[in-house]
Every structure is written in C-alpha cells, then in structure tokens.
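Visitor: Take 242 as the starting number for the sequence shown in our numbering and just add one per residue.
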Amino acid sequence: FVWSLSVYSQPKVNYDEKAIKPYVLPELLVLSNGQEVKSVEEWEHKRREEIFDLFKSEVYGRIPDLDLKPTSEEIIEQSDMALNNSAIREQISMVFSSGEREITINILVYLPKNIESPPVFVGYNFYGNQTTTTDQHVIFTDSWVRNNTDYGIVENRATEESRGKRNSRWPIQKIIDEGFGIATIYYGDVDPDKNDFSDGIHPFFYEEGMSKPKTDEWGSISAWAWGYSKVLDYLKTDRLLTDSKFIVFGHSRLGKTSLWAGALDTRFDIVISNDSGSGGAALFKRKFGETAAIINANFPHWFNANFKKYSNNEDALSIDQHMLVALVAPRPVYIASAEEDKWADPKGEYLSGYHASPVYNLYGKKGLPELEFPETNESIHNSIGYHVRTGKHDVTDYDWDQFIKFAKKHFNY
Ligand code: GTR
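Here is the structure:
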C-alpha cells in the first residue's frame, strides 16, 4: 500500500469536538465598510451582493456570463405508461456546441399522471441516469463515467450492468405516488468529475490561448451549478410543467452543488443539500473532518484556483458556509446529515443553518433557532430544515421522507 503524497502530507483529521480551536465566523449582517445590515433591502442590494462576490472570487469561481443557448433541445423518448402505467416518462436531450466542441445533457423525467404541473425534484446522479432505476427504457450517457467494478463500469463507459444499481437512492415510485415529479441528470454530462479542464463545459468559454479557467473563474462545482440552471431553463418550457415549482436536490459533492446552484438561481423554489459536508453546508472554520486542505488536495478541480490559498489557512477566509445557506433566503432550504458521516461534520452542517437564520429572520421567517444540536432522527421543518439521521453517507428513504414532507409543507401541497 502506497500513500499518495496528497494523503501523506495531510494534517491529522480531527473528529474531536473538544479539540476544535476557537474560531470567529465572518459577520453575516455587517457590510464590508462596517455598517450593520438591518433590512431586507440592505441585505438584498448590498450584503448579498458582497457575499456572492466573495464566493465567486474565492471559492467556487465565477461563471462566465456569456449566455450559451442549446443548439438543440429535443424530447427523444416519452411514454404515458411508465413505471407500470403509473407515470409519464420523458427523456430530453440538450446539446450545446461551439466549433468542434459538443456536450449532450440528457434529462430523465418522471411525472405523476393526472396531476397538472406537479412540483419537481431536480437532482444530479453520479453514474448515469440508467443507475437510478431498473426501467429498461432509460437511455445511457455517452459521457465519461468513473470506473466502478461493482457496476461493471470499466472503460469509463456506462454499461447495462449498471442499470438500477443506485435505485435505493432514487425512490422514484414513492416520489410519484406522493404527487411529485423527478428530473435527474448525469453530472458528468456537464463536466466529467476529474482534474481536467480540457473536457466538459469549461473550454467552451476559453479565450484564445487559455487551457484552464483563470484563477477566479469556475471550477467543477460552478460548472455543475451552471448545468442545473440550463436544465431548469428547459424544464420551465416543458408543456407539462407550466406552473410547476422546482426543488434542487443533491447528495455529497452534488449537495455542495445544489446549495451553490440554488443560491445563484432563484427560480429554484426549494434547495436541499444531503450530506454535503466540506464546501457544502459544513463550516470550514471548525476544521472538523474534511478540511479545506484535504479537499483542495484530493479534488482541486471542484473549486477555483484562488481557493487553494485557504488550505490550512481557514482563518483567512472572509466567508463561511452559513453565508452560502443565507444566500438562499427567503426560500426554504433543507440540510440533511448522517450520524456516522463524521467526514462531512454533521454538527458543522447544522451550525451553518443556525448561523444563517438571522437573514431568514429579516424576512420574518424562522430558521434554526436553537444552538443545541438536535436529537438523531428528529427533523426540523422551519424555513431552514434539518435532520441528522442514523447511518452512513448515503441517500435513504428517511431522507426522502423528510424532503417530501418539507416540500409539501412549504408549498402547501
Ligand atoms: C468524498 C469527498 C466529500 C464528498 C464525497 C462524495 O470523497 O471527500 O467531500 O463530496 O466524496 O461526493 O461522495
């Protein structure tokens, strides 16, 4: 067994609450000039903009604002008799091209029958749409997929053997039976998850001579967030979803992404982060579990180049993740943790919701008012929702039950 240099050079991972050094969170409601923010107006027009700018320049990276439109967008397959005749299925192919370059984003949609414009969960998957269900009609991605021998994925290509392999994370029938739709997309269609800026969407935006984004420009999390907005652009035009509400959902690295996407794109009516941890809901300055140094070493492409300055230097960060949660306000946001997922720092995930609450209060909404960490398996459904459930880093039925309950409550549905 050979330690890779990046692992070897890591500081020890801290899992001891008592060993956390005192830290100071950046003030949420104080402008950079020292002035206090006292109204929604000041929050929206001043402080929110400042915070966005910090997350863009120092963490996830700026998304180029060239408005790239799909070169084609087509429903390539549909059925009114999906899932034993209980659902409508649509598969949409969105193609983006520029010169020789092309990416295809495939959206798999299931909708309950006989409900007009149902609310829809929108979430990326890790290994291709075919892994989310055993439904034989689901089309494979042509994009690069991470190898996984359990799923028979060996040459970075989706395989028949992988069909349905991740369906425990996608209780599609339950979602449909509860009156919701679901849209899922393979995240690698937008940007393959590897430290390589020559593929995916990034190169579409390079100026002459560039081979990677500039130091303040987008890493992969921002690229996936961009993809979420493009998918939403389509969903907003779907004839069956004219008045639908949309819930952006993601697990782990994709939970980091759903928070950032939901903050950026206010057309997402609810934002859900599952076990998002470091760079997601967890507070960096606690340095508990996965730290900035560890994540930068193992996944340098997720963030922008500027973020590297904060490895072992969290004190210098002028943001922390409570500010990311606050950017979603006043829309409902749900943060889910798992007890055994210490790597993602459940308490740090909770605390970012707690410390984001003053912004919700400005809108007359209730966030997470108690500093005390809640009991396991007791969910909170205020405008900021939270639970820590028993078990590991995963998406379980318990998680989905809470997401559905949360959406029903806040949509009055
Ligand atoms: C881990 C990473 C976490 C989380 C997770 C996942 O390896 O350290 O930050 O993103 O992957 O996405 O499953």
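Using N, Cα and C, we set each Cβ at its ideal position, and we do this for glycine too.
Model, not experiment: these values are computed from the prediction.
#1: Measure the Cβ-Cβ separation of V361 and S485 and say whether it is below 8 Å.
#2: Rounded to whole angstroms, what is the Cα-Cα separation between I304 and K297?
#3: For T375 and S409, I'd like the C-alpha separation in whole angstroms.
#4: Measure the C-alpha to C-alpha separation of S245 and A538 and round it to an integer number of angstroms.
#5: Going by C-alpha to C-alpha distance, which of V386, V431 and K287 sits closest to I348?
#6: Following a CB-centred definition, is I576 positioned closer than 7 Å to any heavy atom of the ligand GTR?
#7: Using a threshold of 7 Å, is the CB atom of G518 nearer than that to any non-hydrogen atom of the ligand GTR?
#8: Assign Y551 to buried or exposed, taking buried as 16 or more other Cβ atoms, counted over all protein chains shown, within 10 Å of its Cβ.
#9: Would you tell me roughly how many angstroms separate the C-alpha atoms of W411 and W501, rounded to the nearest one?
#10: Count the other C-beta atoms from every protein chain shown that fall within 10 angstroms of the C-beta of E396, then say buried if there are 16 or more, exposed otherwise.
#11: Taking the alpha carbon of L568 as the point to measure from, which residue in G503, I488 and V363 has its own alpha carbon closest?
#12: Return the first residue and the last residue of the beta strand (DSSP E) that R630 is part of.
#13: Relative to the alpha-carbon of P263, which residue among I317, K526 and N547 has its alpha-carbon at the smallest distance?
#14: So, are the CB atoms of I426 and Y365 less than 8 Å apart?
#15: Which runs of the beta strand (DSSP E), 3 residues or longer, sit entirely within the region 351-431?
#16: Which residues does DSSP pair with S273 in a beta bridge?
#17: Mark L658 as exposed unless 16 or more other C-beta atoms lie within 10 angstroms of its C-beta, in which case mark it buried.
#18: What residue ranges within the region 423-510 form continuous alpha helix (DSSP H) runs of no fewer than 4 residues, ordered along the chain?
#19: Tell me whether E258 counts as near the ligand GTR, meaning its Cβ is closer than 7 Å to at least one heavy atom of that ligand.
#20: Under 7 Å: does the beta carbon of R494 sit that close to some heavy atom of the ligand GTR?
#21: Given a threshold of 16 other Cβ atoms within 10 Å of its Cβ, counted over all protein chains shown, does A260 qualify as buried or as exposed?
#22: Using C-beta distances below 8 Å, list every residue in its chain close to T617, excluding the 5 sequence neighbours before and after it, in chain order.
#23: Just to confirm, is the Cβ distance from R289 to L272 under 8 Å?
#24: Use the C-beta contact count for G330: other C-beta atoms within 10 angstroms, 16 or more gives buried, fewer gives exposed.
#25: Between the Cα of L495 and the Cα atoms of K549, Y428, D510 and A533, which residue gives the shortest distance?
#26: Consult DSSP for H542 and reduce its assignment to one of helix, strand or coil.
#27: Tell me, please, whether the region 397-408 touches the region 375-388 by the rule of three or more beta-carbon pairs shorter than 8 Å.
#28: Contact defined as beta carbons within less than 8 Å: I believe Y575 pairs with F652. What is the distance between those atoms, to the nearest angstrom?
#29: Given a cut-off of 8 Å, decide if A570 and V600 are closer than it, judged by their beta-carbon atoms.
#30: Within its chain, find whatever has a CB closer than 7 Å to the CB of K606; leave out the 5 residues flanking it on each side and keep chain order.
#31: Taking 7 Å as the cut-off, is the beta-carbon of E531 closer than that to any non-hydrogen atom of the ligand GTR?
#32: Measuring only the C-alpha atoms, how far is I344 from G275?
#33: To the nearest angstrom, report how far apart S493 and S384 are at their CA atoms.
#34: For N537, verify whether its CB is less than 7 Å away from any heavy atom of the ligand GTR.
#35: Taking the C-alpha atoms as reference points, what is the distance between L295 and S439?
#36: Does the Cβ-Cβ distance between K497 and W641 come in under 8 Å?
Guide: Concretely, from the data shown:
#1: Along the sequence shown, one-based indexing puts residue 361 at 120. Along the sequence shown, one-based indexing puts residue 485 at 244. Between V361 and S485, the gap from beta carbon to beta carbon is short of 8 Å.
#2: The residue you call residue 304 lines up with position 63 of the sequence shown. The residue you call residue 297 lines up with position 56 of the sequence shown. Taking the straight line joining both Cα atoms gives about 8 Å.
#3: Within the sequence shown, residue 375 is the residue found at index 134, counting from 1. Within the sequence shown, residue 409 is the residue found at index 168, counting from 1. S409 has its alpha-carbon roughly 11 Å from the corresponding atom of T375.
#4: Sequence index remark: in the sequence shown, residue 245 carries index 4 (1-based). Sequence index remark: in the sequence shown, residue 538 carries index 297 (1-based). Because S245 sits at a pLDDT of 49, beneath the cut-off of 50, its placement in the model cannot be relied upon, and the following sentence gives the value as read from the coordinates. Across the structure, S245 and A538 are spaced so that their CA atoms are roughly 10 Å apart.
#5: Here residue 348 corresponds to residue number 107 of the sequence shown, with the count starting at 1. If we check each option's Cα against that of I348, V431 comes out closest.
#6: The sequence position of residue 576 within the sequence shown is 335, counting from 1. No.
#7: Taking the sequence shown and counting its residues from 1, one reaches residue 518 at position 277. Because some heavy atom of the ligand GTR lies under 7 Å away, the Cβ of G518 counts as near it: yes.
#8: Your numbering for residue 551 matches position 310 in the sequence shown. Residue burial annotation: Y551 is buried, with at least 16 other C-beta atoms found within 10 angstroms of its C-beta.
#9: In the sequence shown, counting from the first residue as 1, residue 411 sits at position 170. In the sequence shown, counting from the first residue as 1, residue 501 sits at position 260. Near 22 Å, if we compare the C-alpha coordinates of W501 and W411.
#10: For the purposes of this step, residue 396 is taken as residue 155 along the sequence shown, with counting starting at 1. E396 counts as exposed, since fewer than 16 other C-beta atoms from the protein chains shown sit within 10 angstroms of its C-beta.
#11: Here residue 568 refers to the residue found at position 327 of the sequence shown. Ranking G503, I488 and V363 by Cα distance to L568 puts G503 first.
#12: As a working note, residue 630 is residue 389 in the sequence shown. According to the DSSP assignment, R630 belongs to the beta strand (DSSP E) that extends over I625 to R630.
#13: Within the sequence shown, residue 263 is the residue found at index 22, counting from 1. Among I317, K526 and N547, the Cα nearest to that of P263 is on K526.
#14: The residue labelled residue 426 in the question sits at position 185 within the sequence shown. The residue labelled residue 365 in the question sits at position 124 within the sequence shown. Taking 8 Å as the cut-off, the Cβ atoms of I426 and Y365 count as close.
#15: 361-366 and 422-427, all fully within the region 351-431.
#16: The sequence position of residue 273 within the sequence shown is 32, counting from 1. Note: S273 sits in no beta bridge, so no partner.
#17: Any question about residue 658 goes unanswered here, given that the chain covers just 242 to 654.
#18: Runs of the alpha helix (DSSP H) inside the region 423-510: 461-476 and 494-505.
#19: Locating residue 258 in the sequence shown gives position 17, where the first residue counts as 1. For the ligand GTR, not one heavy atom lies less than 7 Å from the Cβ of E258.
#20: Mapped onto the sequence shown, residue 494 falls at position 253. Yes; taking the cut-off as 7 Å, the Cβ of R494 has a heavy atom of the ligand GTR nearer than that.
#21: In the sequence shown, the residue the question calls residue 260 occupies position 19. A260 is exposed by the Cβ-count criterion.
#22: On the sequence shown, residue 617 is found 376 positions in, with the first residue counted as 1. Excluding positions up to five away in sequence, the list reads E580, V629, R630 and T631.
#23: Within the sequence shown, residue 289 is the residue found at index 48, counting from 1. Within the sequence shown, residue 272 is the residue found at index 31, counting from 1. Taking 8 Å as the Cβ cut-off, R289 and L272 do not qualify as a contacting pair.
#24: If you number the sequence shown from 1, residue 330 lands on position 89. It should be noted that the sequence gives Arg, not Gly, for residue 330. By the 10 Å Cβ count, R330 comes out buried.
#25: As a first step, residue 495 is located in the sequence shown; it is residue number 254 there, counting from the start. Ranking the options by Cα distance to L495, first place goes to Y428.
#26: Counted from its first residue, the sequence shown places residue 542 at position 301. Three-state DSSP puts H542 in a helix.
#27: Pairwise C-beta distances place the region 397-408 in contact with the region 375-388, as three or more of them are shorter than 8 Å.
#28: Numbered from its first residue, the sequence shown carries residue 575 at position 334. Numbered from its first residue, the sequence shown carries residue 652 at position 411. About 13 Å separates the two Cβ atoms, so there is no contact after all.
#29: Along the sequence shown, one-based indexing puts residue 600 at 359. Along the sequence shown, one-based indexing puts residue 570 at 329. Against a cut-off of 8 Å, the Cβ pair of A570 and V600 comes out as a contact.
#30: The sequence position of residue 606 within the sequence shown is 365, counting from 1. Here K606 has P571 and S624 as same chain residues with Cβ atoms under 7 Å from its own Cβ, once five neighbours each way along the sequence are excluded.
#31: Locating residue 531 in the sequence shown gives position 290, where the first residue counts as 1. Residue side-chain check: E531 places its Cβ nearer than 7 Å to a non-hydrogen atom of the ligand GTR.
#32: In the sequence shown, counting from the first residue as 1, residue 344 sits at position 103. In the sequence shown, counting from the first residue as 1, residue 275 sits at position 34. The straight-line gap separating the alpha-carbon atoms of I344 and G275 is approximately 45 Å.
#33: As a first step, residue 493 is located in the sequence shown; it is residue number 252 there, counting from the start. As a first step, residue 384 is located in the sequence shown; it is residue number 143 there, counting from the start. When the Cα atoms are used, S493 and S384 turn out to be separated by approximately 21 Å.
#34: Here residue 537 is taken as the residue at index 296 of the sequence shown, counted from 1. Result no, Cβ not under 7 Å from the ligand GTR.
#35: Within the sequence shown, residue 295 is the residue found at index 54, counting from 1. Within the sequence shown, residue 439 is the residue found at index 198, counting from 1. About 26 Å.
#36: Position 256 of the sequence shown, counted from the first residue, corresponds to residue 497. Position 400 of the sequence shown, counted from the first residue, corresponds to residue 641. For K497 and W641, no; Cβs fall outside 8 Å.
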